[in-house]
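So the structure is just underneath, and the comments pick up after that.
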Amino acid sequence: MSDSIQQGETWPGFEKLKHLVIFGDSYSQVGYNSQEPRPSANNPLGVAFPGITWNEPNQPNWIGHLIKKHAPAPLLVFDYARGGDNVSGVRWQVRREFLQYLAPKPRWARWSEYDTLFITWVGINDCAFANAETVPKFVAELFDLQDELYNAGARNFLLVDLPPIHRSPAGNKPKSLQLPSRQPSCELWNIYLKEGAAQFASSHPLSTVLIYSSWETFSKAMDNPTAFGFETEDVRKAGGGMWVDRLHPTSKMHDLVARDLAQFLQDVMAHPAAVAATAGSSNAGSAAAAA
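Position 272, counted from 1, in the sequence shown is what our numbering calls 273; the numbers after and before it change by one each time, with no gaps.
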């Protein structure tokens, strides 16, 4: 389940965030890269809303739903996620996109440790070919990349665990093709992700480390689809209300993810030190404007 593992002194609360920096795969892609126009108040994704997503055409994924419907304040989004990427792809996103262009805090993106949340949702493509030996290696590599983000100034981290992909249409194989019973790779991933997050928090005491459980959100919708506006057959149906194809959720399912994520973030109380720091910054800005 979702968990606030550690709240560092720079966690301002959800309503005080100004920037999201996102890494991941097709579930999070909007088609942005550093060569696109820069995110702005009028164009918070940097690309025309809702971006290029992997759900229905011209419909938002969880990021679009979050910034349009569920965030308490405007957010600028730097979303480097790319369809098909695994942890190695996230390494490219971190090193070739974020570290080169955004980490230096350019004039057009004056992000700070007090107003920026770094979100990583990856692992589905890794788990497609993973086993009990390789999953922990992939997760360890993921936390090495969180180290690189920390060294570049990131302090607030949100990691998203994996949904139960074995219950999706992609996992709905005829019995003759099913493998012998074993723990799904995505479930193993989530175990190691939580362990790694706790270790990362312990070795980075100034950081905020959060885990949002997409497993929990997808599971409750799959367990009781009609309660969330889906049909019973949508759980395993490609091209239905829950899955746009065998693997990718519909915009409606993404909206549920955004709603649950927003509620989780809203419940993580601001650290008193961050409140004081952001209040001082706001007061200084007001004084400068008055002068």
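Beta carbons: idealized from backbone N, C-alpha and C, even for Gly.
Keep in mind that this is a model prediction, so the values were computed, not measured.
Taking C-beta separations shorter than 6 Å and ignoring five residues to either side along the sequence, the partners of Leu-143 in its chain run Val-88, following chain order. Nearest neighbour of His-272 by Cα position, chosen from Tyr-193, Trp-244, Leu-207, turns out to be Leu-207. Segment contact: the segment 99-117 against the segment 129-148, fewer than three CB-CB distances shorter than 8 Å; contact not assigned. Residues Glu-149, Ala-153 of the same chain have their beta carbon placed closer than 8 Å to that of Leu-100, with the five preceding and five following residues left out of the count.
Where Ser-215 is concerned, the enclosing alpha helix (DSSP H) starts and stops at 215-224. Your pair Val-161 and Ser-220 does not check out as a contact, with CB atoms roughly 14 Å apart and the cut at 8 Å. DSSP, reduced to helix, strand and coil, places Trp-190 within a helical segment of the structure shown. Residue state for His-255 is assigned as helix, using DSSP reduced to three classes. DSSP assignment within the segment 62-132 yields the following whole alpha helix (DSSP H) runs of 4 residues or more, N-terminal first: 63-66, 88-93, 125-128.
If you draw a straight line from the Cα of Asp-235 to the Cα of Ala-228, it comes to about 13 Å. Counting along the chain, Asn-157 sits inside the beta strand (DSSP E) bounded by residues 157-161. Here Ser-204 is exposed. Its C-beta has fewer than 16 other C-beta atoms within 10 Å. Where Leu-248 is concerned, there is no enclosing beta strand (DSSP E), because DSSP gives it neither an H nor an E. Note that the C-beta distance between Val-48 and Glu-57 is not below 7 Å.
For Val-22, there is no enclosing alpha helix (DSSP H); the enclosing beta strand (DSSP E) covers residues 20-25. Using a 10 angstroms sphere on the CB of Lys-106, the tally of other CB atoms stays under 16, which defines it as exposed.
Note that the segment 183-198 does not touch the segment 244-251; fewer than 3 beta-carbon pairs, one per stretch, sit closer than 8 Å. If you draw a straight line from the Cα of Ile-53 to the Cα of Ala-141, it comes to about 30 Å. In the three-state reduction of the DSSP assignment, Leu-211 falls in the strand class. According to the DSSP assignment, Asp-4 belongs to the beta strand (DSSP E) that extends over 4-7. If you draw a 10 Å sphere on the C-beta of Thr-233, you find fewer than 16 other C-beta atoms in it, and that means exposed.
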